[in-house]
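Asker:
In the numbering used here, the protein residues as written are 2 to 124.
#1: Just to confirm the assignment, what range does the alpha helix (DSSP H) spanning residue 3 have?
#2: With DSSP as the reference, please indicate the residues paired to residue 76 in a beta bridge.
#3: Are residue 40 and residue 65 close, meaning C-beta to C-beta below 8 Å?
#4: Determine which residues share a DSSP beta bridge with residue 117 and list them.
#5: For residue 56, which residues does DSSP report across the bridge?
#6: How many angstroms separate the CA atom of residue 63 from the CA atom of residue 47?
#7: In terms of alpha-carbon separation, which member of 2, 17, 49, 6 lies closest to residue 73?
#8: Leaving out five residues on either side along the sequence, give the residues of the same chain with a beta carbon under 8 Å from the beta carbon of residue 53.
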């Protein structure tokens, strides 16, 4: 019985670790979505301004002048990168959820076995 109790504790610890990992990955995805929205907003603003408009990019504490075409390319590249990262992270989320579900089933199975072993002893 003590062996099963230890196994149950180990499974529970692993499950909690997976849940923490999942939360961390979900937080990362939310940050990426926020960056994606910000960059989409910038992209929409670029569509409204003239091709010869002055565009400045903040680099550290300095504003540097940038061509519109260069700025548009940079934002498009960032959006592409962010979208790929979101897809990669969604894959991680699915994989972690799958592993969590398997651990949960293992825990439930072990708990059921332990309850069945205790019932005859109680009777």
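Using N, Cα and C, we set each Cβ at its ideal position, and we do this for glycine too. Quantities reported herein were computed from a predicted structural model and do not represent experimental measurements.
Answerer: Looking at the atomic coordinates:
#1: Residue 3 -> alpha helix (DSSP H) spans 3-49.
#2: Residue 76 is not bridged to any residue.
#3: no
#4: According to DSSP, which records beta bridges pairwise, residue 117 is partnered with nothing at all.
#5: 67
#6: 21 Å
#7: The candidate whose alpha carbon is nearest that of residue 73 is 49.
#8: Excluding residues up to 5 positions away in sequence, 69 lie with their Cβ nearer than 8 Å to the Cβ of residue 53 in the same chain.
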